[in-house]
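Trainee: Under this note's numbering, think of the first position of the sequence shown as 1, with each following residue one higher.
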Amino acid sequence: MAKAKYERRKPHVNVGTIGHVDHGKTTLTAALAEIYVLAKEEGGRHTPFFNGYRPQFYFRTTDVTGIMTLNPGVEMVMPGDNVSVTGELISPIAMDQGLRFAVREGGKTVGSGVVTEILA
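1) Kindly list the residues whose CB is nearer than 8 Å to the CB of Arg104, restricted to its own chain and excluding five residues on each side of it in sequence; keep chain order.
2) DSSP three-state call for Glu42: helix, strand or coil?
3) What whole-angstrom Cβ distance do Gly161 and Ile67 have, given they're in contact under 8 Å?
4) Using 10 angstroms around the beta-carbon of Arg45, count the other beta-carbons present and answer buried if the total reaches 16, otherwise exposed.
5) Expressed to the nearest angstrom, what Euclidean distance is found between the alpha-carbon atoms of Val74 and Asp96?
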C-alpha cells in the first residue's frame, strides 16, 4: 500500500504577537474610519472628547490602544455624534476596508465604527 501524500491547502499559521493573518490581508496600524459615539442614554460617554483621544479599539477578538485624530475643523466630538477620524494603532493588526469595530473606554463600549480607508 502506497503512503498517502500530504497536501497543504491552507497557508502556514504563524504564531506571534498578531496571530494568524488570512491570505490577502496585511497587518496595518492606521486607517480612516466613520464612528458613531454612543449617547449618555445609550450607555456611552457623558462628556465630549478631543483630538488625541486614546481609547481601546476592539477588532474581532482583540483590544488595541489607538489614537484618534479628528479632521481639520472639528474641535470636539459630543456623545451621540457621527464623525470621521483617522485612527492610529500602537500595534499592527489584520484589517481591511469595511471591518467593523467597537470603541471602548474603561471596559465599556462608548462607540462603534467601520474602517473606510486603509492608510498604513
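Quick reminder that beta carbons are idealized off the backbone N, C-alpha and C, glycines included.
Mentor: Quick answer:
1) Pro55, Gln56, Phe57, Tyr58, Asp63, Val110
2) helix
3) The structure shown does not extend to residue 161, since the chain is modelled only from 1 to 120, so the question has no answer here.
4) buried
5) 26 Å
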